[in-house]
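> What follows is a single structure, and I will ask about it in a moment.
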Amino acid sequence: MKEKLGLLVCVWFLLYGSCMGRFVVEKNSLKVTSPDSLKDVYECAIGNFGVPQYGGTLVGTVIYPKVDQKACKSFSDADVSFKPKPGGLPIFLLADRGDCFLILKAWRAQNAGAAAILVADDWFEPLIIMGTPEEQGERAHYLQNITIPSALISKALGDNIKKALSSGEMVNINLELRESLPHPDKRVEYEFWTNSNDECGPKCESQTEFAKNFKGVAQILEQKGYTQFTPHYITWYCPEAFILSKQCKSQCINHGRYCAPVPDQGFSKGYEGKDVVVQNLRQACVHKVANESKKPWLWWDYVTDFAICCPMKENKYNKECADQVIQSLGIDLKEIDKCIGDPDADMDNPVLKDEQEAQVWMEDILFPKNLFLLLCVTCCTDLAFSWPAVHIYSRLSSQ
């Protein structure tokens, strides 16, 4: 059983590595101009493949195909075309989500003559970016040749459009791409998932090396106002039935609310998972306090200095060493301690609570929640568990 769970953990990390770090979330408005019952402005998520006409508006009419409504097969096989007649409005193909990659749906729609594709979500959920899988084989070919814009719309809107079409009404849409102009404040925003644990093998080593090498560039970009970054840290909660267990007590703070895996030394020696949670929280608080003082780039100094001065192998991975680094950078130590709060208190920590909410999307994409919880509770308590290498990413879904 342990071997199977260990394999699942490895697969989880492989998926994590392949899904992160490539795309930017673009959200903008989709305006339904007819019928009257649907007239409104709706949010949609623009796919980061194809060639969105940034700065313009695409006007068209919606068609929901009678065949292959998920747009996974070639429409030419069914002798279906979405090319408008001369003088006709461009066609927005409405397709259902599922069964194939979103880029394949866009490719099928484009080849059939559609000017754009709207993919109706199959769950009532917040919209997420339509990303793309790895560029391999045939996917690499059509990914490079998609030119039409793609948009993910909510299930509710998709259902209403289908209802209107089935009643014989014409559904006309304006796809506003002006709001998709990336970063009108001329600033790129990115999120940086990392971890203070330095005893998880090659992944931790590559993480430390990345921070050291990227620090200078990141600080310059931040100081000149070109970027805004936010570091994030993964935690999970301990199921209520196990809060008093040895595993949860050693891995969690705030009565099981925030947990991290034990470093590679294991339960019997060295540091515990809760030590990692506290140091991760301290790093998050350093960014919070530094950001409030208009110097968010100090976070890079702290994490690199802490990695050098306070390693686990020298038994310096503790508050005393961390405080010395914080004070050397001129960061308000009292504000840091206030942000951290009492790790033993039976209450939420606002910073870590926000971190858990930020990572919910990733759990849903990679695994069903119950499987994710199984991996964390079972694997992390019994097996050597290493965190994934650091990633810069954007929220995405390829299906």
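Read left to right, the sequence shown gives residues 1 to 399 (UniProt numbering). Ideal Cβ placement from N, Cα and C applies to all residues, glycine included.
Going by DSSP, what residue range makes up the beta strand (DSSP E) through Cys44?
Numbered from 1 along the sequence shown, position 44 holds the residue referred to as residue 44. Cys44 -> beta strand (DSSP E) spans Asp40 to Ile46.
> Kindly indicate if chain B contains any beta-carbon less than 8 angstroms away from that of Asn197.
Given the protein chain composition of this structure (a single chain), no chain B is represented.
> Less than 8 angstroms separating the beta-carbons of Asp99 and Lys70?
Numbered from 1 along the sequence shown, position 99 holds the residue referred to as residue 99. Numbered from 1 along the sequence shown, position 70 holds the residue referred to as residue 70. Taking the C-beta atoms as reference points, Lys70 is found nearer than 8 angstroms to Asp99.
> So what does Ala120 bridge to, in DSSP terms?
Here residue 120 corresponds to residue number 120 of the sequence shown, with the count starting at 1. Looking at the DSSP output, Ala120 sits in a beta bridge with Asp96 and Ile153.
> Let's test the definition: count the other Cβ atoms within 10 Å of the Cβ of Glu272 and tell me whether it reaches 16, buried, or not, exposed.
As a working mapping, residue 272 is identified with position 272 in the sequence shown. Flag for Glu272 reads buried.
> Would you list the residues sitting across from Cys310 in a DSSP beta bridge?
The count along the sequence shown starts at 1 and reaches residue 310 at position 310. Cys310 is not bridged to any residue.
> Could you check if Phe306 is buried or exposed, using at least 16 other CB atoms within 10 Å of its CB as the buried criterion?
Residue numbering aside, residue 306 sits at position 306 when the sequence shown is read from its first letter. Under this definition Phe306 is a buried residue.
> Taking only three categories from DSSP, how would you classify Ile148?
Translated into the one-based positions of the sequence shown, residue 148 becomes position 148. DSSP places Ile148 in coil when its eight states are reduced to three.
> For my contact list, His232 and Glu43 are in at a C-beta cut-off of 8 angstroms; report their separation, rounded to the angstrom.
Looking up residue 232 in the sequence shown gives position 232. Looking up residue 43 in the sequence shown gives position 43. Actually they do not touch by this definition, with Cβ atoms about 24 angstroms apart.
> Answer with buried or exposed for Phe92, where buried requires no fewer than 16 other C-beta atoms within 10 angstroms of its C-beta.
For this step, residue 92 is matched to residue 92 along the sequence shown. Here Phe92 is buried, its C-beta having at least 16 other C-beta atoms within 10 Å.
> Does the beta-carbon of Ser206, which I'm using as the reference point, lie nearer than 7 angstroms to any heavy atom of the ligand ADP?
The model depicted lacks the ligand ADP and carries no ligand whatsoever.
> Please classify Val217: does DSSP put it in a helix, a strand, or coil?
Working through the sequence shown from its first residue, we reach residue 217 at position 217. Of the three classes helix, strand and coil, the one that applies to Val217 here is helix, per DSSP.
> Looking only at its own chain, which residues have a Cβ that is under 6 angstroms from the Cβ of Ala211, when we skip the five neighbours before and after it?
Residue mapping note: residue 211 aligns to position 211 of the sequence shown, counting from 1. Within the same chain, Val303 and Thr304 come within 6 angstroms of Ala211 by CB-CB distance, once the 5 residues on both sides are set aside.
> If we count Cβ pairs, one from each stretch, closer than 8 angstroms, do we get three or more for the stretch 222-232 versus the stretch 188-198?
yes
> What does the alpha-carbon distance come out to for the pair Cys204 and Gln219?
Numbered from 1 along the sequence shown, position 204 holds the residue referred to as residue 204. Numbered from 1 along the sequence shown, position 219 holds the residue referred to as residue 219. Approximately 22 angstroms, taken between the alpha carbons.
> According to DSSP, Gly60 sits in a beta bridge with which residue or residues?
If you number the sequence shown from 1, residue 60 lands on position 60. Answer is Ile173.
> Out of curiosity, what's the CA-to-CA distance linking Ser293 and Ile146?
Taking the sequence shown and counting its residues from 1, one reaches residue 293 at position 293. Taking the sequence shown and counting its residues from 1, one reaches residue 146 at position 146. Cα to Cα, Ser293 sits roughly 45 angstroms from Ile146.
> Anyone know if the C-beta pair for Gly270 and Pro263 falls short of 8 angstroms?
If you number the sequence shown from 1, residue 270 lands on position 270. If you number the sequence shown from 1, residue 263 lands on position 263. Their beta carbons are under 8 angstroms apart, which means Gly270 touches Pro263 by this criterion.
> Considering His232, what are the terminal residues of the alpha helix (DSSP H) in which it resides?
Against the sequence shown, residue 232 aligns to sequence position 232. It is not in any alpha helix (DSSP H) - His232 instead sits in the beta strand (DSSP E) that spans Thr227 to Tyr233.
> What are the boundary residues of the beta strand (DSSP E) that includes Gln297?
As a first step, residue 297 must be located in the sequence shown, where it is residue number 297. According to the sequence displayed, residue 297 carries Trp and not Gln. In the DSSP assignment, Trp297 falls outside any beta strand (DSSP E) and carries neither an H nor an E.
> In whole angstroms, what is the alpha-carbon distance linking Val59 and Leu143?
As a working note, residue 59 is residue 59 in the sequence shown. As a working note, residue 143 is residue 143 in the sequence shown. Rounded to the nearest angstrom, the two C-alpha atoms are 24 angstroms apart.
> Would you identify the three-state DSSP class for Lys31, choosing helix, strand or coil?
Here the question's residue 31 lines up with position 31 in the sequence shown. Lys31: strand per DSSP, three-state reduction.
> With a CB to CB cut of under 8 angstroms and the five nearest residues on each side skipped, what residues in its chain are close to Asp348?
Looking up residue 348 in the sequence shown gives position 348. Its chain contains Asn254 and Arg257 as the residues whose beta carbon lies nearer than 8 angstroms to that of Asp348, once the 5 sequence neighbours on both sides are disregarded; these appear in chain order.
> What is the DSSP secondary structure of Trp192, counted as helix, strand or coil?
In the sequence shown, residue 192 corresponds to position 192, counting from 1. Just to set this straight, residue 192 is Phe in the shown sequence, not Trp. Note: Phe192 maps to strand in three-state DSSP.
> Alpha carbon to alpha carbon, what distance is there between Leu152 and Asp121?
Your numbering for residue 121 matches position 121 in the sequence shown. Your numbering for residue 152 matches position 152 in the sequence shown. Their Cα atoms are separated by approximately 7 angstroms.
> Quick check: Ala109 and Ser81, are their CB atoms within less than 8 angstroms of each other?
Within the sequence shown, the letter at position 109 stands for residue 109. Within the sequence shown, the letter at position 81 stands for residue 81. No. Outside cutoff.
> Determine the direct distance from the alpha carbon of Ala164 to that of Asp344, and round the result to whole angstroms.
Translated into positions along the sequence shown, residue 344 becomes position 344. Translated into positions along the sequence shown, residue 164 becomes position 164. Note on geometry: alpha-carbon atoms of Asp344 and Ala164 lie some 56 angstroms from one another.
> If I'm right that Ile148 touches Ala114 with Cβ under 8 angstroms, what's the distance once you round it to whole angstroms?
The residue labelled residue 148 in the question sits at position 148 within the sequence shown. The residue labelled residue 114 in the question sits at position 114 within the sequence shown. In this structure Ile148 is in contact with Ala114, their Cβ atoms being roughly 6 angstroms apart against a cut-off of 8 angstroms.
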